[in-house]
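Here is the structure we will look at, set down as structure tokens.
2 protein chains.
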Amino acid sequence: MRVVSGKWKPLILYFVAQGGPTRYGELRRAVRDVSDKVLIQQLKELEADGLVKRTDYKEVPPRVDYSLTPLGHSLAQALVPLCTWGTEHMAEVSRVFAERATWTRRGRQSTG
Amino acid sequence: MRVVSGKWKPLILYFVAQGGPTRYGELRRAVRDVSDKVLIQQLKELEADGLVKRTDYKEVPPRVDYSLTPLGHSLAQALVPLCTWGTEHMAEVSRVFAERATWTRRGRQSTG
DNA sequence: TTGAGTACTTACCAAAAGGTGCATACTTGT
DNA sequence: ACAAGTATGCACCTTTTGGTAAGTACTCAA
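Top to bottom, those sequences are chains A and B. According to my numbering, the first sequence holds residues 2 to 113 in order. According to my numbering, the second sequence holds residues 2 to 113 in order.
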């Protein structure tokens with residue numbers, strides 16, 4: 002749980018798993034709404050945990066890409082059923098979530 | 002991801018899945034190291050998300066138990082591979098983690 | 001010379017998450 | 001009378017997480 006917890010980590014794993022080695026800029030555009038700081042941060046953590054590999058081509062202008070390690074691949078596999086669950090039950094889950102979001106703003110409910 | 006994120010939620014799901022309807026006190030002792038406040042809080046969220054069902058027997062002294070809804074069961078299923086992954090790669094992952102925990106305290110590394 | 005693109009880093013800030021300790025209302029055991 | 005067990009609630013605080021805005025060193029195009 003510790004390794005995947007991070008607002009954007011599952012999404013990062015998803016994109017890197019899909020596209021093979023992925024450049025930083027591509028990830029940045031793919032993930033959308035993530036800031037540089039956080040994206041870098043999560044990539045560093047994934048790298049430190051041995052899930053992704055960072056390759057620096059030492060070119061100028063800079064070129065770097067990220068790919069999954071074998072460990073990362075196995076994790077991506079293990080996440081598939083969860084991803085499927087999310088997709089299948091998205092409607093069900095986000096419906097109750099939407100309801101909550103409504104009354105959460107103005108006080109407690111009175112569901113007797 | 003939103004539904005399972007919470008320091009103790011996976012563990013709660015695990016215990017409730019294992020033992021069938023589980024009383025609050027049992028959970029409390031099973032999960033260990035969780036505070037009342039947080040345990041209750043996570044249970045309420047799981048309930049609000051439709052994953053667990055709370056049954057209050059209206060007795061005195063109070064008796065309440067928690068069980069999985071069908072949705073909760075399906076989620077527990079989807080978590081199995083991830084759990085397995087965690088178990089299988091625990092050594093690998095926690096080794097790098099331990100190393101990091103060491104130098105993280107005294108400054109950056111210089112892995113050239 | 002200005003602007004855009006590359007892959008980051010840093011300082012600062014806000015929100016979320018989790019933890020501690022105390023309170024409740026009632027019963028059972030000593 | 002007093003402590004312990006039952007399932008919570010509340011006020012307060014710390015830690016963790018994520019976000020914003022700016023800066024870096026360098027190249028290419030206008």
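Built from N, CA and C at the ideal position, the CB exists for glycine as well. Values in this document were obtained by computation on a predicted structure and should not be read as measured data.
In three-state terms, what does DSSP make of B/Thr112?
-> Low confidence applies to B/Thr112: its pLDDT is 40, below 50, so where it sits in the model is not reliable enough to give any reading.
Look at B/Leu72 and B/Leu52 and say whether their C-beta atoms are less than 7 angstroms apart.
-> Yes, Cβ-Cβ distance for B/Leu72 and B/Leu52 is below 7 angstroms.
Between B/Asp50 and the rest of its own chain, which residues show a CB-CB distance below 7 angstroms, the 5 nearest in sequence each way excluded?
-> Val4
C-beta atoms of A/Ala79 and B/Leu80 nearer than 7 angstroms = no
Cβ neighbours of B/Tyr58 in the same chain (closer than 6 angstroms, five flanking residues each side left out) = Arg64
Specify the secondary structure class of B/Cys52 as computed by DSSP and reduced to three states.
-> One detail in the question is off: residue 52 of chain B reads as Leu in this sequence, not Cys. In the structure shown, B/Leu52 sits in coil (DSSP, three-state: anything other than H, G, I, E or B).
Would B/Pro11 pass as a contact of A/Met2 if the rule is Cβ separation under 7 angstroms?
-> yes
Give a yes or no on whether the C-beta atoms belonging to A/Val35 and A/Tyr67 are separated by under 7 angstroms.
-> no
Can you give me the start and stop residues for the beta strand (DSSP E) that A/Tyr67 sits inside?
-> 65-69
Once you ignore the five residues that flank A/Arg96 on each side, which residues in its own chain have a CB closer than 8 angstroms to its CB?
-> Here the set comprises nothing.
Applying the criterion that 16 or more other CB atoms from any shown protein chain within 10 Å of the CB defines a buried residue, is A/Thr85 buried or exposed?
-> exposed
Looking at the unbroken alpha helix (DSSP H) that takes in B/Tyr58, where does it start and where does it end?
-> It is not in any alpha helix (DSSP H) - B/Tyr58 carries neither H nor E in the DSSP assignment.
Note down the Cα distance separating A/Trp9 from B/Arg24, rounded to an integer number of angstroms.
-> 35 angstroms
Return yes when the Cβ of B/Arg55 is within less than 7 angstroms of the Cβ of B/Glu46, no when it is not.
-> no
Report yes or no: is there a C-beta of chain A within less than 7 angstroms of the C-beta of B/Met91?
-> With 7 angstroms as the cut-off, B/Met91 does not count as an interface residue toward chain A.
Quick one: residues in its chain with C-beta nearer than 6 angstroms to the C-beta of B/Gly7, no 5 flanking neighbours on either side, listed in chain order?
-> The residues are Gln43.
Three-way DSSP call (helix, strand, coil) for B/Arg33 in this model = Note: B/Arg33 maps to coil in three-state DSSP.
Would A/Trp86 count as contacting chain B if we go by Cβ distances under 7 angstroms?
-> So yes, A/Trp86 belongs to the interface.
Buried versus exposed, by CB contacts within 10 Å (16 or more), B/Ile41 | exposed
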